[in-house]
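Quick note on numbering: our numbering labels position 28 of the sequence shown as 62, and the sequence is numbered without any gaps.
Comments concern the structure below.
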Amino acid sequence: MKQKDPIAEARRYVDNARKTLSENGELNVETKRYEDDKYVRAAGNYLWLGVILALDAVFHVRTDRRTRVDINQYREAVSKRDRKLLDYVNDGYNVMHLSMTYDGVQAKDISDAGFRLANTIINRCETMLT
């Protein structure tokens, strides 16, 4: 199924990440950590993919969804247009892609930061499209 609105599709990825953590990720309330890094990794991946969809809608870095684009190409494209967004993209890459997806950091604070950054980036991209 191909979505016509990339921002709506990006938000759907964020919703999938939220659903993954809320339904499957067991949160230890005492330590404020998720018990299993598997769901944190999945949520981080969904978040980052949603951000990439939103960035691609604005900056057209990746012309074919099946190809990989280096983060530096996104950084270069974003830096030419919006330096504040560049800060969010750098932070988002570190939190969503590296800390959550690759490292599986189970702290709820990290996941919360990932959701905030994803929504901020997607919202900023949406304003650039209008």
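Yeah, the Cβ is synthetic: ideal placement off N, Cα and C, and Gly gets one too.
Is DSSP giving residue 75 helix, strand or coil here?
Residue 75: helix per DSSP, three-state reduction.
For residue 50 and residue 80, the rounded distance between their alpha carbons:
Distance between the alpha carbons of residue 80 and residue 50: 7 Å.
Would you say residue 155 and residue 132 are within 9 Å of each other, going by their C-beta atoms?
Taking 9 Å as the Cβ cut-off, residue 155 and residue 132 do not qualify as a contacting pair.
Got a sec, what are the start and stop residues for the alpha helix (DSSP H) residue 48 sits in?
Bounds of the alpha helix (DSSP H) holding residue 48 are 40-58.
Sequence-distant residues of its chain with Cβ nearer than 6 Å to residue 130 (five each side left out):
Here the set comprises 78, 81, 82 and 148.
Enumerate, from N- to C-terminal direction, the unbroken alpha helix (DSSP H) stretches of 4 or more residues contained entirely within the stretch 109-161.
Unbroken alpha helix (DSSP H) stretches of 4 residues or longer found wholly inside the stretch 109-161: 117-126, given in chain order.
Rounded to whole angstroms, what is the Cα-Cα separation between residue 59 and residue 127?
Take the alpha-carbon of residue 59 and the one of residue 127: they are about 22 Å apart.
Given this structure, state the Cα-to-Cα distance separating residue 141 from residue 69, to the nearest angstrom.
Distance between the alpha carbons of residue 141 and residue 69 is about 9 Å.
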